[in-house]
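Numbering (my numbering), first residue to last: 729 to 894.
Structure, rendered in structure tokens:
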């Protein structure tokens, strides 16, 4: 399966699928701090913030079907932090647990030099063991622990910032 995975720059026609994959994670309370599904219209400005040469948004495809996406976003929005980016990876539920997440994270890390990214960050809930393990497998380290900074359905949740120098 993994050998049939490809990556490409997302285009606006991909946005409904990107949003659907994102929204499929909201109910789990494991991945995103959004508590309600988002709309395509709400995500359009976020989509437009991406730049293929510096902060890309890629779709992950398996046999031509979008099975996930990768987003690089600027950290803190100030010029001194240009070499640092936050990475988000979302996979369609039916493609999880098949090694695509590892392949996707490796692809993102490998692209960092050409994107002029020296520090890669992952913002992960402390109760999201699968994502934390994935990042640890790629030598990310815990760079920050923000206790109880999120509240999901009345439960306080910690946020872990995983970091890697690339």
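Beta carbons are placed, not taken as given, at the ideal position from N, Cα and C, and that holds for glycine.
Could you pull out every residue in the same chain whose Cβ sits closer than 6 Å to the Cβ of residue i, ignoring the five residues on either side in sequence?
i           : result
residue 762 : 754
residue 817 : 798 and 832
residue 747 : 768 and 771
residue 859 : 852
List the whole-angstrom C-beta distance separating residue i from residue j, where the pair is believed to meet the contact cut-off of C-beta under 8 Å.
i           : j           : result
residue 843 : residue 803 : Incorrect: roughly 13 Å between the Cβ atoms, too far for contact.
residue 828 : residue 733 : 6 Å
residue 836 : residue 815 : 6 Å
With burial defined as no fewer than 16 other Cβ atoms inside 10 Å of the residue's Cβ, what is the status of residue i: buried or exposed?
i           : result
residue 852 : buried
residue 819 : buried
residue 788 : buried
residue 781 : exposed
residue 892 : buried
residue 740 : exposed
residue 813 : buried
So, are the CB atoms of residue i and residue j less than 8 Å apart?
i           : j           : result
residue 776 : residue 766 : no
residue 868 : residue 882 : no
residue 737 : residue 786 : yes
residue 768 : residue 784 : no
residue 874 : residue 833 : no
residue 872 : residue 889 : yes
Could you tell me whether any non-hydrogen atom of the ligand MG is closer than 7 Å to the CB of residue i?
i           : result
residue 788 : Only the bare structure without any ligand can be found here, which leaves the ligand MG out of the picture.
Among residues of its own chain, excluding the 5 on either side of residue i, which ones have a beta-carbon nearer than 7 Å to its beta-carbon?
i           : result
residue 811 : 844, 845, 846 and 847
residue 823 : 790, 795 and 796
residue 880 : 757 and 763
So, at 8 Å on beta carbons, what are the nonlocal neighbours of residue i in its own chain, with the 5 sequence-adjacent residues on each side left out?
i           : result
residue 855 : 758, 885 and 886
residue 841 : 894
### Runs of beta strand (DSSP E) wholly within the segment 731-793 (minimum 3 residues, chain order)
733-737 and 785-790
### Query
What alpha helix (DSSP H) runs, 4 residues minimum, are completely inside the segment 827-881?
828-843 and 857-865
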